[in-house]
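Student: Residue numbers (our numbering): 39 to 435.
We put the beta carbon where it would ideally sit given N, CA and C, even for glycine.
Owing to the predicted nature of the structure, the values given are computational and were not obtained by experimental measurement.
Let me begin by handing over the structure; questions about it come next.
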Amino acid sequence: MSDFEDRLAALDPAAGASYRHRDLDALISRITSQPVARKRRRWHTIELKLAGTLIAGALVTAGSLAIVQGAGTALPVLALKSPSAAQTFKGAVHSAAGAMQVYERFDFTAGSGLGAAVPTNLSYELKIPSSPASEAARVASIFGVSGAPVNASGDGLDWTVTGSSGHALDYASAGIPQWTFSTTSLTSSTGYFPSRTTLAADVQRYLTRLGYGYTLSAPSFGTTTSSATSSATSAPGSTSTEDVTYSVDVDGSSTDQYVSFSVDANNNVVSASGPAFSVATTSNYPLQSPAAGVDALNVEQQGRFPATSPATSAGGSTNTTPSGPPVVNVILDADTITLETYQLTDGSLWLLPVYDYSGTSVGVDGSLSTGTWYELAVDPSYVHVSGPGSSRGVVNY
Numbered sequence: 039m040s041d042f043e044d045r046l047a048a049l050d051p052a053a054g055a056s057y058r059h060r061d062l063d064a065l066i067s068r069i070t071s072q073p074v075a076r077k078r079r080r081w082h083t084i085e086l087k088l089a090g091t092l093i094a095g096a097l098v099t100a101g102s103l104a105i106v107q108g109a110g111t112a113l114p115v116l117a118l119k120s121p122s123a124a125q126t127f128k129g130a131v132h133s134a135a136g137a138m139q140v141y142e143r144f145d146f147t148a149g150s151g152l153g154a155a156v157p158t159n160l161s162y163e164l165k166i167p168s169s170p171a172s173e174a175a176r177v178a179s180i181f182g183v184s185g186a187p188v189n190a191s192g193d194g195l196d197w198t199v200t201g202s203s204g205h206a207l208d209y210a211s212a213g214i215p216q217w218t219f220s221t222t223s224l225t226s227s228t229g230y231f232p233s234r235t236t237l238a239a240d241v242q243r244y245l246t247r248l249g250y251g252y253t254l255s256a257p258s259f260g261t262t263t264s265s266a267t268s269s270a271t272s273a274p275g276s277t278s279t280e281d282v283t284y285s286v287d288v289d290g291s292s293t294d295q296y297v298s299f300s301v302d303a304n305n306n307v308v309s310a311s312g313p314a315f316s317v318a319t320t321s322n323y324p325l326q327s328p329a330a331g332v333d334a335l336n337v338e339q340q341g342r343f344p345a346t347s348p349a350t351s352a353g354g355s356t357n358t359t360p361s362g363p364p365v366v367n368v369i370l371d372a373d374t375i376t377l378e379t380y381q382l383t384d385g386s387l388w389l390l391p392v393y394d395y396s397g398t399s400v401g402v403d404g405s406l407s408t409g410t411w412y413e414l415a416v417d418p419s420y421v422h423v424s425g426p427g428s429s430r431g432v433v434n435y
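If you want it as C-alpha cells, here you go:
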C-alpha cells in the first residue's frame with residue numbers, strides 16, 4: 039500500500055474492520071421477498087407443479103365422488119401427487135450447512151380487486167404419446183432428421199435421433215414430454231432476418247404438422263448472436279438468429295408450456311422446442327372464488343408455521359415473545375386464471391385452473407415490494423392431496 043493510501047485509511051475509523059449489516063436477518067428477508075420469475079426450462083422438461091399438504095376444509099378421500107351442483111354429474115376427486123421434499127418456495131433460503139431456514143411467513147389479505155364471484159374454467163386431462171421412441175422418430179421426420187431413435191440412458195425416457203447433416207431431435211418424456219430440435223450445421227453469417235410475419239408462419243406450419251391440437255399466443259420476439267464455425271470453410275465467425283417464444287394455449291387459456299423457434303438469415307430453422315401432448319378429456323370442476331383462494335393461502339401458511347408454545351428460560355420464567363419467522367403482510371389486488379400442470383396419483387397429467395395473484399408486500403423493515411403467488415382455483419372439496427410436502431398453492435419461486 040502507498041503512503042497516500044495509508045494516510046487515507048488513517049482518516050477512516052472503519053478501515054480494516056469487517057463489515058456486518060446491522061440487521062442481517064431483515065436484509066435476508068427483504069432479499070428473499072423479492073419477486074422471482076417462475077422457472078422455465080426452454081430446452082428440457084418443464085418441472086411439474088405438484089401439490090403437497092392437505093388444505094383445511096372438507097377434503098374427501100381419494101376415489102370417492104363429488105357431485106357438481108345443478109349438473110347431476112359425478113366427478114372423481116382429483117387425487118394430487120405430493121411434491122419432492124426438496125421443493126422450496128420464496129421466503130425460504132438454504133444455509134451453508136444445507137438446512138432450510140424460513141425467514142418469513144406471509145399474511146395475505148384480499149384487496150378490493152378480488153371478489154367473491156365464482157368464475158368458470160375447464161380442467162383438462164392430457165393425452166401423452168404412448169411410445170416415446172416412436173414419437174421422437176415422428177417429430178424428427180417433421181424437422182427433416184432421419185435416423186433410428188437411441189435411448190442412451192437406458193431408462194426408456196429420453197430419446198435422440200441424430201441425422202447425417204448435424205441435425206438432432208431430443209425427446210424427453212418425463213412429465214409432459216418435451217421435444218427439442220437443434221443443429222450443429224450453422225452457416226457463419228449475419229444479415230437481414232425474415233419478417234416476424236414470416237417467422238410466425240413458419241411456426242404455424244410446423245405446429246400443423248405436429249398435430250397436437252393446442253394453439254399459441256403472446257409471442258416474444260428477439261435476436262441472438264453467437265460464435266460459430268462455418269460449415270463450408272471451417273473458419274470462425276458469428277451467426278445470428280431471430281427467435282420467438284409462444285405461450286401454449288388450450289381453449290384460449292394460457293398454460294405453463296412454451297414453444298420456441300429460431301431461424302437464421304436465410305429462414306432456416308436452427309433450433310426449436312415445445313411440449314408433446316393433446317387434450318384427452320375436459321371436466322367442468324367447480325372453482326372457488328378469488329377471495330376464497332386468498333383464504334386458502336393463509337390456511338397453508340398456518341400449516342407451514344404451526345403455532346408454538348412460549349419458550350421457558352433456564353430460570354423457569356416464560357418468554358412471551360412470539361417465536362417463528364417474522365410475518366410479512368401481503369395485499370393481493372389482482373388475479374388471472376392460467377392452466378398449470380399437475381400430476382395425479384394414478385400418473386395422469388392434468389392442466390388445472392390456477393389463480394395467479396399479484397400484490398404488494400410490506401417487509402419486516404417496512405419496505406414495499408411487489409410479487410406474485412398462485413393457488414389452485416378448483417374447489418377444495420374436489421381435491422385430495424396424498425402425503426406430506428409443501429402446498430398446492432405457493433408463493434412464486
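Any idea what DSSP makes of residue 419, helix, strand or coil?
Tutor: Translated into the one-based positions of the sequence shown, residue 419 becomes position 381. The answer is helix: DSSP assigns residue 419 an H, G or I state.
Student: May I have a chain-ordered list of the beta strand (DSSP E) segments no shorter than 3 residues that lie completely inside the region 296 to 332?
Tutor: 307 to 313 and 316 to 321
Student: Tell me the residue span of the beta strand (DSSP E) that contains residue 375.
Tutor: Translated into the one-based positions of the sequence shown, residue 375 becomes position 337. Element bounds for residue 375: 365 to 381.
Student: Alpha carbon to alpha carbon, how far is residue 160 from residue 321?
Tutor: Numbered from its first residue, the sequence shown carries residue 160 at position 122. Numbered from its first residue, the sequence shown carries residue 321 at position 283. Cα to Cα, residue 160 sits roughly 6 Å from residue 321.
Student: Measure the C-alpha to C-alpha separation of residue 383 and residue 213 and round it to an integer number of angstroms.
Tutor: In the sequence shown, counting from the first residue as 1, residue 383 sits at position 345. In the sequence shown, counting from the first residue as 1, residue 213 sits at position 175. Straight-line Cα distance between these residues: approximately 13 Å.
Student: Can you give the Cα-Cα distance for residue 313 and residue 398, rounded to whole angstroms?
Tutor: As a working note, residue 313 is residue 275 in the sequence shown. As a working note, residue 398 is residue 360 in the sequence shown. C-alpha separation (whole angstroms): 33 Å.
Student: Below 8 Å, how does it come out for the region 195 to 215 and the region 277 to 286: are there three or more Cβ pairs, yes or no?
Tutor: no
Student: Pick from 406, 295 and 408: whose alpha carbon is nearest that of residue 164?
Tutor: Taking the first residue of the sequence shown as 1, we reach residue 164 at position 126. Considering only alpha carbons, the answer is 295.
Student: On the criterion of 16 or more Cβ atoms from any shown chain inside 10 Å, does residue 147 qualify as buried, or is it exposed?
Tutor: In the sequence shown, the residue the question calls residue 147 occupies position 109. Under a 10 Å Cβ-count criterion, residue 147 is classified as exposed, with fewer than 16 other Cβ atoms of the shown protein chains found around its own Cβ.
Student: Per DSSP, which one or two residues make a beta bridge with residue 284?
Tutor: As a first step, residue 284 is located in the sequence shown; it is residue number 246 there, counting from the start. Answer by DSSP bridge pairing, in chain order: 297.
Student: Among residues of its own chain, excluding the 5 on either side of residue 195, which ones have a beta-carbon nearer than 6 Å to its beta-carbon?
Tutor: Position 157 of the sequence shown, counted from the first residue, corresponds to residue 195. Once the five neighbours on either side are set aside, the close Cβ partners of residue 195 are 211 and 212.
Student: Which whole-angstrom value describes the C-beta separation of residue 325 and residue 417, a residue pair presumed to lie in contact below a C-beta threshold of 8 Å?
Tutor: For the purposes of this step, residue 325 is identified with residue 287 of the sequence shown, where counting begins at 1. For the purposes of this step, residue 417 is identified with residue 379 of the sequence shown, where counting begins at 1. Sure, about 6 Å apart at Cβ, within 8 Å.
Student: Output needed for residue 167: all residues of its chain with C-beta closer than 6 Å, excluding positions within five of it in sequence on either side, in chain order.
Tutor: The residue given as residue 167 occupies position 129 in the sequence shown. Cβ neighbours of residue 167 beyond the five flanking positions: 173 and 314.
Student: For residue 380 versus residue 118, is the C-beta distance shorter than 7 Å?
Tutor: The residue you call residue 380 lines up with position 342 of the sequence shown. The residue you call residue 118 lines up with position 80 of the sequence shown. Closer than 7 Å, so yes.
Student: Spatial neighbours of residue 171 within its chain, please: C-beta separation below 6 Å, excluding the five flanking residues on both sides.
Tutor: One-based indexing of the sequence shown puts residue 171 at position 133. So the qualifying residues of the chain are 187 and 197.
Student: The alpha helix (DSSP H) spanning residue 240 covers which residue range?
Tutor: As a working note, residue 240 is residue 202 in the sequence shown. Note, residue 240: alpha helix (DSSP H), 234 to 248.
Student: Please state the DSSP three-state secondary structure of residue 177.
Tutor: Locating residue 177 in the sequence shown gives position 139, counting from the first residue. If DSSP states are grouped into helix, strand and coil, residue 177 belongs with the helices.
Student: Given a cut-off of 7 Å on the beta-carbon distance, is the pair residue 162 and residue 392 in contact?
Tutor: Translated into positions along the sequence shown, residue 162 becomes position 124. Translated into positions along the sequence shown, residue 392 becomes position 354. Residue 392 is positioned such that its CB atom lies no closer than 7 Å to that of residue 162.
Student: Return helix, strand or coil for residue 260, following the three-state DSSP convention.
Tutor: As a first step, residue 260 is located in the sequence shown; it is residue number 222 there, counting from the start. In this structure, DSSP gives residue 260 an extended state, which the three-state scheme calls strand.
Student: Give me whichever residues DSSP pairs with residue 216 in a beta bridge.
Tutor: Stepping through the sequence shown from its first residue, residue 216 is reached at position 178. DSSP, once it has assigned bridges, lists 210 and 313 as partnering residue 216.
Student: Give the DSSP bridge partners of residue 146, in chain order.
Tutor: Locating residue 146 in the sequence shown gives position 108, where the first residue counts as 1. Residue 146 is bridged to 368.
Student: Just verifying my parser: in three-state terms, what is the DSSP assignment at residue 195?
Tutor: Residue 195 sits at position 157 when you count from the first residue of the sequence shown. DSSP places residue 195 in coil when its eight states are reduced to three.
Student: Of the residues 238, 341 and 414, which one's Cα is nearest the Cα of residue 145?
Tutor: If you number the sequence shown from 1, residue 145 lands on position 107. Of the listed residues, the one whose Cα sits closest to residue 145 is 341.
Student: Following the continuous beta strand (DSSP E) through residue 252, name the residue where it begins and the one where it ends.
Tutor: Numbered from 1 along the sequence shown, position 214 holds the residue referred to as residue 252. Where residue 252 is concerned, there is no enclosing beta strand (DSSP E), given that its DSSP letter is neither H nor E.
Student: Would DSSP call residue 183 helix, strand or coil?
Tutor: Translated into positions along the sequence shown, residue 183 becomes position 145. In the structure shown, residue 183 sits in coil (DSSP, three-state: anything other than H, G, I, E or B).
Student: Nearest to residue 409 by CA position, among 420, 421, 290 and 395, is which residue?
Tutor: Mapped onto the sequence shown, residue 409 falls at position 371. It is 395.
Student: Tell me the rounded alpha-carbon separation between residue 374 and residue 293.
Tutor: By 1-based counting over the sequence shown, the position of residue 374 is 336. By 1-based counting over the sequence shown, the position of residue 293 is 255. So the two alpha carbons sit approximately 12 Å from each other.
Student: Look at residue 153 and residue 370 and say whether their C-beta atoms are less than 7 Å apart.
Tutor: Walking along the sequence shown from the start, residue 153 turns up at place 115. Walking along the sequence shown from the start, residue 370 turns up at place 332. Not in contact: residue 153 and residue 370 (Cβ atoms no closer than 7 Å).
Student: In whole angstroms, give me the CA-to-CA distance for residue 179 and residue 231.
Tutor: Stepping through the sequence shown from its first residue, residue 179 is reached at position 141. Stepping through the sequence shown from its first residue, residue 231 is reached at position 193. Their backbone Cα atoms lie some 26 Å apart in a straight line.
Student: For the beta strand (DSSP E) containing residue 447, name the first residue and the last one.
Tutor: Lying before the first or after the last residue shown, residue 447 is absent from the chain, which here runs from 39 to 435.
Student: Could you compute how far the alpha carbon of residue 386 sits from the alpha carbon of residue 114?
Tutor: Position 348 of the sequence shown holds residue 386. Position 76 of the sequence shown holds residue 114. Straight across, the Cα-Cα distance linking residue 386 with residue 114 is about 13 Å.
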